[in-house]
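Residue numbers (my numbering), protein chains in the order written: chain W, 1 to 541; chain L, 1001 to 1112; chain D, 2001 to 2414.
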């Protein structure tokens, strides 16, 4: 009967391991279905958090927005923006702030200069900052007026030499390796003294942030969309020319996902305006998803919520604990029987830190050998109960988690015929059915494949029938104790604490059952104390 | 074909667990266990390679092939190495972790 | 001024539509893109038929490029407002996460809808046997088609009587969530404007997943009594009647009171009810023990800036019902009902109350609205009026609508 233990262990590792690997895989994927027809048959390009303005060119977009955003505060110059007139276009569009506290210096000239300047121009347009264009070290004529203000040099040294800002008393350069990075930099930057920068950092949880997205190639469309900087206080960000999102933008927008506490109708809401036709549907969908409001504990898929992070650590420590116990047992405890080692390993999987601590304590004790040549350890009563608990818990609880996962994976069966209505309607409900099934199936498996053979090995002289009965009773009772903690813990976490019940590919599902199992162990431990006292279970193996 | 590969690899993993148990307890696994593990694993890997060539699906399981290749190299080292048992034990655990991860990674693509 | 704007809009729409073929990847191959007029604070979802409207909505909410932004399941039902209304009320919300699609007018699954169902790739509801499609009163042949062509797992609800359908769905939801929500929306089935008054609260259900039951203007059907009896404890339902005494009579309200607390969400017209609903909030005790207590929480209760709205016409029921999915994901806003060419006073005043304003030196609170239907449903002018009302700017909106309904002075009376 020796094959049964590894098979149970294999089943458990296979199912739980599959769940965890699946979790990793789904979080690493970006848009796996983008090439599989996700865009087929779309009637228009807008999605819930991304409005996509399809235009032939900047002039087209400019004309469209002239009509669509008629507010005097957000109107731009009447001429369409072009590569050779963008400075004039901007100057004519700007509504100057009567009392500015900073001045913005950007490089003037060709398209490349515009690519570096546009993110700063968006803020300047919003605030009404005076903008000085620097063309080959010559400053536009308005420069002298603002020399007492703090100057922000936005862009790289090559385009915008330090020398240009010599006349300004106080100056600071903001630049990055690429326009994409610079745009994100400016989105985050804020100086309260000079009132420069959007200040949209990850920890701003309550701002209504809108963003205009274009690519450096389509920078003129970005300039044409300037009204949004005012009407929707939009920040400009750049996507890649090939339609994708650069890493810096991707990580930034995920940090912009806002959470909800009571209901997702609470603000803030964030939105993207896509003005470049180059941005792919996959990137659009990712942007759309990145700012979709999510409940605070999990922050939704992909993004990492606070509670999710804590529980993830819990699970990771569990896996590390199991590996540690297995490696340690391989090297140092050849005299411990395999079923017991497996039980310790599996227990540690669900008992991060506590598992290895109990395991180490249990075996750092004086030993003796029985007449049959088996090793025993001299342990205090509490450690004996811990060992006895681990023997049942290792197989039972991990089986329950594995079976629970299979239920979530394949879906709960539910029943709602008319006759079941009344005080016992919950017998047809998914969660109770899953919990009952978890318990029954785990007890049956653990009883037949682990506890019975274990008892048999310990008491070879007892009649089989009695062994079966004894194994069933002890398994059922100790698992009941585990379940008491585990099921209430699971119910509390999944149905009550978390506003949304997590799915099988959610860290919170694993985290919740892990935590619940831990509680289950703590509940079962005292019960095993009694079982040891009554000599129903051995505690010194 | 990828399903066939998964079945082979499942067999290899199951046999591998028994080998790991043997290594954990007293000694090296019996020859028959080693041979069937290697046989199943190689058959699984080859079916996966064949799948990558013949399939018209976009997913060709390249990452699985790479992960399993790493596992295979460690496995090969285990087969040929004359190092003391002490070292073998540790490498075998590392091997099982990599191999299992590769197999599970493949499963996540097949069972969805 | 208005004419000028319209004129510019027309020309720009024209040039705009000329240019779309040039679009790069992800660019302009979308047939309705030009009709989906976007202003600073509104975007139009320009459906010209209920089927198309429903498809546009699923495309808006679900990009479907990965499991997490695809649907949990899909609701499919015939173009019958009462059936769609019941289904949207009870099925849409999490954990199901299902938008609604329609059969065509002949009661069959059109190619367009079938393709959209394929695109949506439902994940399946794990609390319900991984069901992918909820087919409500869908002919068996069409259900079979879904199973065979798409390989989706379908759960069928066949109950032509909306009252009994609500009871069936209540039982199903209880099994799904192991709970009967104690807040129950009550809408009149036989009143011609019953559903129009109910649209706003129905949107709350799609957003929050509470209970729903039908009554008649003057009586309570037995199936509805069944639903109310099932709530936990005696007198423990919280019932929200949608509409005034002309829609659901006082007699019915008094009879309902034996099952718990009765409240009304109502205004004199459906748009007025929708405005009341957007601002409506009821919260407080539901039941509790020392270690766990449940509060009741009903209604959007939006009385400040920084929210989003779903705007359309009350008589476009088949278009507005699936639009409740916009309250379920993305912008999560209540429905506001307007006239085709005009924003009624009550809605106008409501939007003025929640008008945003500039806050910090580098930000503004923003409102946003979806406009449901093409220009035959809601005119460009009405969309622009909404845009101005939502804007943080003090621009004059068309004030003619503030005139109370009285005889026109300029017409000579005999």
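Note that CB positions come from ideal geometry on N, CA and C, so glycine has one too.
Assumed close pair residue i, residue j - CB separation to whole angstroms, cut-off 8 Å
i	j	result
residue 134/W	residue 120/W	Wrong, their Cβ atoms sit about 12 Å apart, outside the cutoff.
residue 414/W	residue 429/W	6 Å
residue 2211/D	residue 2181/D	5 Å
residue 230/W	residue 125/W	6 Å
Interface flag, residue i vs chain L, CB-CB below 8 Å
i	result
residue 356/W	no
residue 85/W	no
residue 338/W	yes
residue 10/W	yes
residue 21/W	yes
residue 17/W	yes
Test: residue i CB closer than 8 Å to a CB of chain W
i	result
residue 2094/D	yes
residue 2393/D	yes
residue 1077/L	no
residue 2026/D	Low local confidence applies: a pLDDT of 41 at residue 2026/D is under 50, so the model's placement there is unreliable, and no value is given.
residue 2404/D	Only weak support is given to the placement of residue 2404/D: the predicted model assigns it a pLDDT of 49, under 50, and the question is left unresolved by the model.
residue 2022/D	Any answer about residue 2022/D is weak, because its pLDDT of 30 lies below 50 and its placement is not dependable; what the coordinates show is given next. Answer yes: the Cβ-Cβ gap between residue 2022/D and chain W drops below 8 Å somewhere.
residue 1058/L	yes
Per-residue DSSP class, three states only, for residue i
i	result
residue 2266/D	coil
residue 376/W	strand
residue 231/W	helix
residue 1022/L	helix
residue 491/W	helix
residue 184/W	helix
residue 244/W	coil
residue 462/W	coil
residue 2213/D	strand
residue 135/W	strand
residue 78/W	coil
Which residues DSSP lists as bridging residue i, in chain order
i	result
residue 213/W	237/W, 274/W
residue 294/W	259/W
residue 2239/D	2184/D, 2262/D
residue 2335/D	2310/D
residue 1005/L	In the DSSP output, where bridge partners are listed per residue, residue 1005/L has none listed.
residue 2368/D	2308/D
residue 171/W	151/W
residue 2077/D	2102/D
residue 2134/D	2075/D, 2155/D
residue 2285/D	2295/D
Inter-residue Cα distance where the pair is residue i and residue j
i	j	result
residue 2097/D	residue 2071/D	6 Å
residue 521/W	residue 211/W	50 Å
residue 2135/D	residue 97/W	59 Å
residue 388/W	residue 1003/L	41 Å
residue 2040/D	residue 2263/D	37 Å
residue 525/W	residue 1096/L	32 Å
residue 2147/D	residue 2109/D	13 Å
residue 177/W	residue 186/W	13 Å
residue 2288/D	residue 2232/D	12 Å
residue 542/W	residue 225/W	Any answer about residue 542/W is impossible in this case: the structure gives chain W only from 1 up to 541.
residue 3/W	residue 445/W	14 Å
residue 450/W	residue 8/W	8 Å
residue 2061/D	residue 517/W	37 Å
residue 539/W	residue 2067/D	47 Å
residue 2022/D	residue 2089/D	Residue confidence for residue 2022/D is low, a pLDDT of 30 falling below 50, so the modelled location carries little weight and cannot support an answer.
Proximity test, Cβ basis, 8 Å: residue i and chain D
i	result
residue 238/W	no
residue 194/W	no
residue 470/W	no
residue 511/W	no
residue 190/W	yes
residue 185/W	no
Residue i Cβ short of 7 Å to the ligand HEM heavy atom set
i	result
residue 2249/D	For the ligand HEM, the structure offers nothing, since it holds no ligand at all.
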